[in-house]
Amino acid sequence: TAVSMYYELTPEQLEFTKEQGHHFEGNGVLINLIDSPGHVDFSSEVTAALRVTDGALVVVDCVSGVCVQTETVLKQALYERVRPILFLNKVDLALITLQMPSEDLYQQFSRTIENFNVIVSCVVDENSVMGPLMVDPRKGNVGFGSGLMGWAFDIPTLARIYNKFMSKPDQTPEQAKANIAKFTERLWGEWFYNPKTNKWLSRPSDGYERGFVVLFIDVIK
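Going by UniProt numbering, 182 is the number at position 182 of the sequence shown; the sequence numbering is gapless.
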C-alpha cells in the first residue's frame, strides 16, 4: 500500500536541511510512503517496492529489537542501494505498559542501534558508493517515538528545543548554532547532566544522570 503526504518545513527545519547540504525550492515536501511486506514469502514484492523508493524508514519495536524479518528486509534495501534510517517505535509500550527503568530503556535503544549497524556493516563496507550508512542518533538518522500516540523526535530536534529553554535568549546565530551542536553531542552517549547545577560531565558522578535519560525519558514519563 502507498500513502502520499504533503508536509511544509518550518524555517528552522529548512535551515537544518541546508546545513546538511540539502536545498529545496520553497518549503513544501511531498512524501510517498510505500509499506513493503515484512514476511519472507513476499520478498519479490519488497524488492519491487524498494526499486521505486529513495530511502527506507526501518521501523523497529524498541522493546523487541531487530527481528529476523526486519533484518531480511533491511538487507534487501542495502542490496538495492536504498539508504535506510532507523525509527525506534513503541516507546509508550516501554514506559507506560512495561514501566522500564529509564537507564534500562536507554541501554535497550543503544543495543538496538548497535545491532542495526552490525547488519549494515555485514552487507556494505565503509567504501560503499552510498557513503556512510551507519546510523547515529546525533546525526539525525535515528528517530524515537510512538506510532500509536502519533509523536516522534530525533536528537537534533531535541537539541534545538533545549537550546531555546536553556541558553541565553540574546544569543547570536553563531552562538545558537554552536550551542545546538553541543546539545546534540551531549544528548546521546556518555554525557551526564546535573539539573540542580546545570553542569555536564563525561563520566558518571553523584547527582548526575545521563543526558538522554534526564532530558528526554524522565520528561515524558
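Glycine is no exception: its CB is placed at the ideal position from the N, C-alpha and C atoms.
Between Leu-33 and Glu-25, the alpha-carbon positions lie close to 21 Å from each other. The beta carbon of Thr-172 sits closer than 7 Å to no other beta carbon from its chain once the five residues preceding and following it are set aside. The Cβ atoms of Val-46 and Leu-78 lie no closer than 8 Å to each other.
According to the DSSP assignment, Tyr-208 belongs to no beta strand (DSSP E), since it is labelled neither H nor E. If you draw a straight line from the Cα of Val-66 to the Cα of Asp-170, it is about 44 Å long.
Per DSSP, the beta bridge partners of Met-5 are Ile-31. DSSP, reduced to helix, strand and coil, places Leu-158 within a helical segment of the structure shown. Separation of Arg-51 and Glu-80 (C-alpha to C-alpha, rounded to the nearest whole angstrom) is 7 Å. In the DSSP assignment, no residue is bridged to Gly-150. DSSP, read as helix, strand or coil, puts Phe-87 in strand. Less than 8 Å divides the Cβ of Asn-89 from the Cβ of Gly-145.
According to DSSP, Phe-144 shares a beta bridge with Leu-88, Phe-153. Short of 6 Å from the beta carbon of Asp-218, and not among the five residues preceding or following it, lie these beta carbons of its own chain, in chain order: Ser-102. If you look at Ala-176, you'll find it in the alpha helix (DSSP H) that goes 173 to 186. Per DSSP, Asp-61 is one residue of the beta strand (DSSP E) stretching across 55 to 61. Leu-30 and Pro-137 have their C-alpha atoms roughly 24 Å apart. Among the bridge pairs identified by DSSP, Tyr-79 is matched with none.
Pairwise C-beta distances place the stretch 98 to 116 out of contact with the stretch 148 to 165, as fewer than three of them are shorter than 8 Å. According to DSSP, residue pairing for Leu-201 in a beta bridge involves Phe-192.
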